Amino acid sequence: MPMYKVKPVSPADIKIDVPSCMYKSPNVHGHGMNCGEHALQNGEVDPSLKALEERQDEVLRRLYELKATVDGFAKTVTTPDADLDASTPSPGPAESVFRGTADLDSLLGKDLGALRDIVINANPARPPLSLLVLHALLCQRYQVLSSVHVHSSVSAVPPPLLSCLGPRHIDSYARQRFQLGFTLIWKDVSELQMKFSTQSMCPIEGEANVARFLFRLLGAEPQDPAAATQMDCWIDKAVFQLSEGGSKDRAAVLRSLNAALGRSPWLLGQEFSLADIVCACFVLRASQTTSAPVNVQRWLKSCQNLGHFDCVYPLLQ
Amino acid sequence: MTKDNVQGAGEEEQQAQSKKALKKQQKEAEKAAKKAEKQAKLAAEQQEADEDDFAKDRYGICPMVQSQQKLDRALVRVQDLTPEKAEQQIWVRARIHTSRAKGKQCFLVLRHQQFTVQALLAVGDRASKQMVKFAANLTKESIIDVEAVVKKVEQKIESCSQQDVELHVERIFVISQSEARLPLQLEDAVRPEGEGDEEGRATVNQDTRLDNRVIDLRTTTSQAIFRLQSGVCQLFRDTLINKGFVEIQTPKIISAASEGGANVFTVSYFKTSAYLAQSPQLYKQMCICADFDKVFCVGPVFRAEDSNTHRHLTEFVGLDIEMAFNYHYHEVIDSITDTMVQIFKGLRDRFQTEIQMVNKQYPSEPFKFLEPTLRLEYKEAVAMLKAAGVEMGDEEDLSTPNEKLLGRLVKDKYDTDFYVLDKYPLAVRPFYTMPDPNNPKYSNSYDMFMRGEEILSGAQRVHDAQLLTERAMHHGIDLEKIKAYIDSFRYGAPPHAGGGIGLERVTMLYLGLHNVRQTSMFPRDPKRLTP
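Chains as they are written, first to last, in UniProt numbering: chain A, 1 to 317; chain D, 1 to 531.
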């Protein structure tokens, strides 16, 4: 083709001094390409590349494991009082927080050979969140037969409320095998009500009072009278000011919660107690979690990390 | 001188005669005058009657309806008389509930089933005096056809069910006349017991009601009760059909007594005798062995128990269920209780008018229940009774007062009128009940209670021929008599359970009534065979 020729800029055969400290890679442009290189183009992998990939996968996997372990540690370290068992790095179901002892016979009366059934009548418009948390705690301590019923005074109940006590126990057909019964009835009542032994006990009314009764069954009541009084004080604050008070009262309670939680991880100091359960539930129900002060939010996160509040979150939507 | 005397006497006599005659004449005159007056009056009335009865063709007693003609006339029902029909001229057929005349007006209350409406007939250009008089003299309970104009009223008529309208009658004809003396008055039959005693008014006692059942059934309360009972039966059928059950009919003339020899009626059967079925138990079970899986039947049950109580009849309608299950008889309990809850919900949602109507005469608490149904174990019931101070053994059967007390205790604690008691002691149950696998003293049997009274007795049945034979021998039953029954389990029988309820008892307890005869249309008991 009659194109014009350009004069070569450099001579063709210059000898380049190749440094010997670098490794040599095969010349892809060189002559004598063998079938092995064709295989590369067909998609098969060079064994050395394979080994490299495997090493990379291994390293990544170990990195992820480490990350998970560190996450678990972070949770357990920031949540006071939780189980710091280093041999189980993954955050499993929380162990029983309360280690006190309780004698059911002395609390509930002599066992007459029949299931001791606690009956709670609640209005589906105001589900008792703290009682659900206490139910979860009772299930860890005793063998509890839980059942949910809908009373004929209520025509329909949303499905989350029907499964709020968890799945039915496999052995629920044999009532005899359980130590305690927990029967939740959704009914058109003005005030939450608990009945146990109608012959010897009058019904207990109000979520806070029923919560105090159930907490006693766990045997974790603070022995110190000052602490017990403080616990009652916090519970009353939650009931009267958080839920029944106006927005000013609510703000005041949140401020005092914030102040108390600034000094210690839980409301009564180092120990998780009923005061935390009741106050957390009432704060969650007032749905002011996003606007709550810093310490309160941290404290709510700790409660959630304990695992007992898992039954509550589905009902908050 | 005598002549003079005679003459004088004669004169005197004449004078006396004339006096007598005068008196006589006077009397006659008076009589005549009275007669004339009377005649004149009659004549006048006759004239009146003749000249004023312009409405002669607008009232009267119709000849007996023998289908002489086919009238294309639409009759409006009393319950459809609402202000929307105002100013329309319509025909109504109803019974005369009451009729009251007041001078030139006659007020009638017309009734059809539970609905009443006021009708007015006044002397005017459409109605004559004779017509009003005729209407006022009609006997109560007669069936009449009335052509009237529907009028709205400003003031509600409190005593009638149709409170916003009134009928102004134009024509009134009697279709079927009632005898003047009724054996019982409907108002008395509907009066609540307490009210009767207080105000000194009459109420009707049960025997009179049952003797004159046809009239007693016309009352609003009876109409409501039996409509509700029809609802129970219909809901029972509908719920079970939706669950995949098959309805069967079992024979009532059987060769051997099913439950026990004592309480069975004997009938002569050609050259031998047969029995009337005490329950469809045997045949239900045979259907399960015949692979029908889930069956139910509705039919009469005959029990020759000489019990004169408020809740026993010798013949009643039994609603029976039998079901094969997979692994545990609680599957059957769940199915039966769900059916009962659907029945209660259906009654609560669709029959409120009937329930209110019954409550007017027989006030009671509304029926409460839980969903899913509460199930307690026999041991728990014994513990509850012992806590309440009753002394009883662990394996003793519950007596009727104990059952009622238990019902009250359960109502106190759980606020439900309906619950199931599971795991009864084996000793008190029939021979075909399956014993408990873990504790030979108890059985897989259950009872269901409404308002503290038992309505259903059921159990897991023994489906193994050998075990059945053992149990029958243990109970001292003649094996020859139940040979056919045991044979049905020899060729592969699925595990099954079931139970049966009495329609009349369930209706009675749901409404909170106190005697099962009120919910049985023509009840049968040891002392009553008619109507």
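Ideal Cβ placement from N, Cα and C applies to all residues, glycine included.
Remember, predicted model here, so these are calculated numbers, not experimental data.
Starting from the Cα of residue 339 of chain D, find the closest Cα among D:323, D:351 and D:354 and give me that residue. The count along the second sequence starts at 1 and reaches residue 339 of chain D at position 339. When each option's Cα is compared against that of residue 339 of chain D, the closest is D:323.
Could you say if the segment 166-180 of chain D and the segment 121-129 of chain D meet the contact criterion of at least three C-beta pairs nearer than 8 Å? yes
Where in the segment 255-311 of chain A do unbroken runs of the alpha helix (DSSP H), each at least 4 residues long, occur, reported from the N-terminal end onward? 274-285 and 294-306
Could you name the residues that DSSP lists as bridge partners for residue 422 of chain D? Numbered from 1 along the second sequence, position 422 holds the residue referred to as residue 422 of chain D. DSSP output for residue 422 of chain D lists D:377 and D:446 as bridge partner(s).
Is it true that the segment 349-360 of chain D meets the segment 459-477 of chain D, where meeting means three or more beta-carbon pairs spaced less than 8 Å apart? no
What is the residue span of the beta strand (DSSP E) that residue 193 of chain A lies within? Here the question's residue 193 of chain A lines up with position 193 in the first sequence. Here the beta strand (DSSP E) through residue 193 of chain A covers 193-195.
Identify whether residue 96 of chain A lies in helix, strand or coil by the three-state DSSP scheme. For the purposes of this step, residue 96 of chain A is taken as the residue at position 96 of the first sequence. Here the model assigns residue 96 of chain A a pLDDT of 47, short of 50, so the residue's position is not dependable, and the following value carries that caveat. In this structure, residue 96 of chain A counts as coil in the three-state DSSP scheme.
Please confirm if residue 330 of chain D has its CB atom under 7 Å from at least one CB of chain A. Position 330 of the second sequence, counted from the first residue, corresponds to residue 330 of chain D. Output row for residue 330 of chain D: interface = yes.
Beta carbon of residue 181 of chain A nearer than 7 Å to that of residue 134 of chain A: Position 181 of the first sequence holds residue 181 of chain A. Position 134 of the first sequence holds residue 134 of chain A. For residue 181 of chain A and residue 134 of chain A, no; Cβs fall outside 7 Å.
Coarse secondary structure for residue 177 of chain D, derived from DSSP in three states: Residue mapping note: residue 177 of chain D aligns to position 177 of the second sequence, counting from 1. It is coil, neither helix nor strand.
Would the beta-carbon of residue 312 of chain A fall within 7 Å of that of residue 132 of chain A? As a working mapping, residue 312 of chain A is identified with position 312 in the first sequence. As a working mapping, residue 132 of chain A is identified with position 132 in the first sequence. Cβ distance < 7 Å, so residue 312 of chain A and residue 132 of chain A count as in contact.
Out of A:291, A:266 and A:73, which has the shortest C-alpha to C-alpha gap to residue 279 of chain A? If you number the first sequence from 1, residue 279 of chain A lands on position 279. Among A:291, A:266 and A:73, the Cα nearest to that of residue 279 of chain A belongs to A:266.
With the cut-off set at 7 Å, would you say residue 295 of chain A and residue 269 of chain A are in Cβ contact? As a first step, residue 295 of chain A is located in the first sequence; it is residue number 295 there, counting from the start. As a first step, residue 269 of chain A is located in the first sequence; it is residue number 269 there, counting from the start. No, they are not a contact pair.
Can a CB atom of chain D be found closer than 7 Å to the CB of residue 199 of chain A? As a working note, residue 199 of chain A is residue 199 in the first sequence. Yes, residue 199 of chain A lies at the interface with chain D (some Cβ there is under 7 Å from its Cβ).
Who are the near neighbours of residue 289 of chain D in its chain, counting only those whose CB is closer than 6 Å to its CB and skipping five residues on each side? Reading the second sequence from its first residue, position 289 is the one you call residue 289 of chain D. These residues qualify, in order along the chain: 488 and 493.
Looking at residue 529 of chain D and the ligand NAP, is the gap between the Cβ and the nearest heavy atom below 6 Å? Of ligands this structure carries none, so the ligand NAP is not represented either.
Separation of residue 138 of chain A from residue 213 of chain A, as counted between CA atoms: Along the first sequence, one-based indexing puts residue 213 of chain A at 213. Along the first sequence, one-based indexing puts residue 138 of chain A at 138. Their Cα atoms are separated by approximately 12 Å.
Which of helix, strand or coil does DSSP assign to residue 137 of chain D? Stepping through the second sequence from its first residue, residue 137 of chain D is reached at position 137. In the structure shown, residue 137 of chain D sits in coil (DSSP, three-state: anything other than H, G, I, E or B).
My understanding is that residue 434 of chain D touches residue 506 of chain D, with C-beta atoms under 8 Å, so please give their C-beta distance in whole angstroms. Stepping through the second sequence from its first residue, residue 434 of chain D is reached at position 434. Stepping through the second sequence from its first residue, residue 506 of chain D is reached at position 506. Actually they do not touch by this definition, with Cβ atoms about 26 Å apart.
To the nearest angstrom, report how far apart residue 20 of chain A and residue 13 of chain A are at their CA atoms. On the first sequence, residue 20 of chain A is found 20 positions in, with the first residue counted as 1. On the first sequence, residue 13 of chain A is found 13 positions in, with the first residue counted as 1. In a straight line, the C-alpha of residue 20 of chain A is about 20 Å away from that of residue 13 of chain A.
Chain A contact residues for residue 387 of chain D, given Cβ-Cβ distances below 8 Å: For the purposes of this step, residue 387 of chain D is taken as residue 387 along the second sequence, with counting starting at 1. Within chain A, the residues near residue 387 of chain D are 112, 197, 199 and 200.
Residue 153 of chain D in three-state terms, based on DSSP: Residue mapping note: residue 153 of chain D aligns to position 153 of the second sequence, counting from 1. Coil at residue 153 of chain D, not helix or strand.
For residue 276 of chain D, does the three-state DSSP call read helix, strand or coil? Numbered from its first residue, the second sequence carries residue 276 of chain D at position 276. Correct three-state label for residue 276 of chain D: strand.
Endpoints, the beta strand (DSSP E) within which residue 121 of chain A is located: Here residue 121 of chain A refers to the residue found at position 121 of the first sequence. Where residue 121 of chain A is concerned, the enclosing beta strand (DSSP E) stretches over 116-122.
According to DSSP, is residue 253 of chain D part of a helix, a strand, or is it coil? Counting from 1 along the second sequence, the entry for residue 253 of chain D is found at position 253. Note: residue 253 of chain D maps to strand in three-state DSSP.
State whether the segment 453-463 of chain D contacts the segment 233-241 of chain D, with contact taken as three or more CB pairs (one from each stretch) at a distance under 8 Å. no
Figure out for me which residue from D:515, D:294, D:18 and D:275 has the closest Cα to the Cα of residue 303 of chain D. Residue numbering aside, residue 303 of chain D sits at position 303 when the second sequence is read from its first letter. When each option's Cα is compared against that of residue 303 of chain D, the closest is D:275.
What did DSSP end up calling residue 71 of chain A once you bin it into helix, strand or coil? Translated into positions along the first sequence, residue 71 of chain A becomes position 71. Three-state DSSP puts residue 71 of chain A in a helix.
Use the C-beta contact count for residue 116 of chain A: other C-beta atoms within 10 angstroms, 16 or more gives buried, fewer gives exposed. In the first sequence, residue 116 of chain A corresponds to position 116, counting from 1. So residue 116 of chain A ends up on the buried side.
Can you find the residues in the same chain that come closer than 7 Å, C-beta to C-beta, to residue 266 of chain D, ignoring five residues on each side of it along the sequence? Working through the second sequence from its first residue, we reach residue 266 of chain D at position 266. Excluding positions up to five away in sequence, the list reads 273 and 275.
Could you give the distance in angstroms between the alpha-carbon of residue 169 of chain A and the alpha-carbon of residue 403 of chain D? For this step, residue 169 of chain A is matched to residue 169 along the first sequence. For this step, residue 403 of chain D is matched to residue 403 along the second sequence. The alpha-carbon atoms of residue 169 of chain A and residue 403 of chain D are separated by roughly 30 Å.
Strictly below 9 Å CB to CB, what residues from chain A border residue 369 of chain D? Position 369 of the second sequence holds residue 369 of chain D. In chain order: 151 and 152.
Three-state secondary structure (DSSP) of residue 485 of chain D: Stepping through the second sequence from its first residue, residue 485 of chain D is reached at position 485. In the structure shown, residue 485 of chain D sits in a helix (DSSP, three-state: H, G or I).
Taking just the CA atoms, how far does residue 312 of chain D sit from residue 225 of chain D? Walking along the second sequence from the start, residue 225 of chain D turns up at place 225. Walking along the second sequence from the start, residue 312 of chain D turns up at place 312. Roughly 18 Å between the two C-alpha positions.
Indicate the three-state DSSP secondary structure (helix, strand or coil) for residue 87 of chain A in the structure shown. Residue numbering aside, residue 87 of chain A sits at position 87 when the first sequence is read from its first letter. Low local confidence applies: a pLDDT of 37 at residue 87 of chain A is under 50, so the model's placement there is unreliable, with the coordinate-based value given in what follows. Residue 87 of chain A falls in the coil class under three-state DSSP.
Using a Cβ-Cβ cut-off of 7 Å, state whether residue 413 of chain D counts as contacting chain C. No chain C is present in this structure, whose protein chains are A and D.
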